[in-house]
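>
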Amino acid sequence: MEYIRSDASRSGPMPDAPPVLTIGHSNHPWERFVALLAGAGVTALADVRSAPHSRHTPQFGRERLAAGLRAAGIAYVFLGRELGGRPADRSLLTEGVADYERMARQPCFARGLERVIAGAARHRIALMCAEQDPLDCHRCLLVARRLAERGVAVGHILADGRIETQAEAEDRLLAATRRAGEDLFASRAERLALAYREQARRAAFREEQSAAPGQPAAAE
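Read left to right, the sequence shown gives residues 49 to 268 (our numbering).
(1) First and last residue of the alpha helix (DSSP H) that includes A83?
(2) Only counting the same chain, and skipping five residues up and downstream in sequence, which positions put a Cβ closer than 6 Å to that of H171?
(3) Identify the residues that DSSP records as bridge partners of F108: which are they?
(4) Taking 7 Å as the limit between beta carbons, can you name the residues of its chain near V191, skipping five residues before and five after?
(5) Which runs of the beta strand (DSSP E) fall wholly inside the region 151-197 and span at least 3 residues, in chain order?
(6) Using 8 Å as the Cβ pair cut-off and three pairs as the minimum, do the region 131-147 and the region 98-111 touch?
(7) Looking at the strands, I want to know which residues DSSP matches up with L93.
(8) Evaluate the contact criterion for the region 230-238 versus the region 110-117: three or more CB pairs, one atom per stretch, below 8 Å.
(9) Could you tell me which residues DSSP puts in a beta bridge with V145?
(10) Under 8 Å, with one C-beta from each stretch per pair, do the region 138-147 and the region 73-80 reach the 3-pair mark?
(11) Report the option in G199, R193 and R210 whose CA atom is closest to the CA atom of Q247.
What follows is the structure, encoded as structure tokens:
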């Protein structure tokens, strides 16, 4: 895997890291979260949560997050309306589940992508949501996928400070959905499209979904 830095607290950016990154705040202590951003050279954070608050991790509520990032010298913007994973329009749900393929065709979503692409010309941006593993989150399954289709290099900051490229995440996705092997009748692109659809059905926001006891509700 490329773009590996063993100590995410070291100062200075990774010069060859992708211009657009993603990160899940998970339950990281604030200091660790900032160290992960600094280790990847992030200068701006785009919050892609539909609901930018967390009862279980209040340090990542929108106001506290923005203030803390500002103190760390990192710009903040909220893009949850454009790029969030929980659609307000019920027509973007299929059997009660957020339909990422429909969402990706919305003009509002396209505008959000354009804002990220424009911002990446001036900043090293991290798209932030809640889930630790990119494969459990719309930031990878929806947003990063569509950025990559537009030719944007995307990487995912992992909990240990490593950066996984979108292509590497897709390799994991194929393996997780048992589509990694060659198929005489299906190209990699076809297998990948099916894998994205299957994983999205597992990970996407569901109407009236509730968190398991002791677990935070999805911030998608």
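From the three backbone atoms N, C-alpha and C, an ideal C-beta is built for every residue, glycine too.
Well, looking at it:
(1) The count along the sequence shown starts at 1 and reaches residue 83 at position 35. W78 to G87 is the extent of the alpha helix (DSSP H) around A83.
(2) Reading the sequence shown from its first residue, position 123 is the one you call residue 171. Within the same chain, H171 has close Cβ partners T91 and A92.
(3) Working through the sequence shown from its first residue, we reach residue 108 at position 60. Answer is none; F108 lacks a bridge partner.
(4) Locating residue 191 in the sequence shown gives position 143, where the first residue counts as 1. So the qualifying residues of the chain are V96, L131 and L175.
(5) 173-177
(6) yes
(7) The residue labelled residue 93 in the question sits at position 45 within the sequence shown. According to DSSP, L93 bridges with Y124 and A174.
(8) no
(9) As a first step, residue 145 must be located in the sequence shown, where it is residue number 97. T142 and R254.
(10) no
(11) Walking along the sequence shown from the start, residue 247 turns up at place 199. Checking every option, the nearest Cα to that of Q247 belongs to R193.
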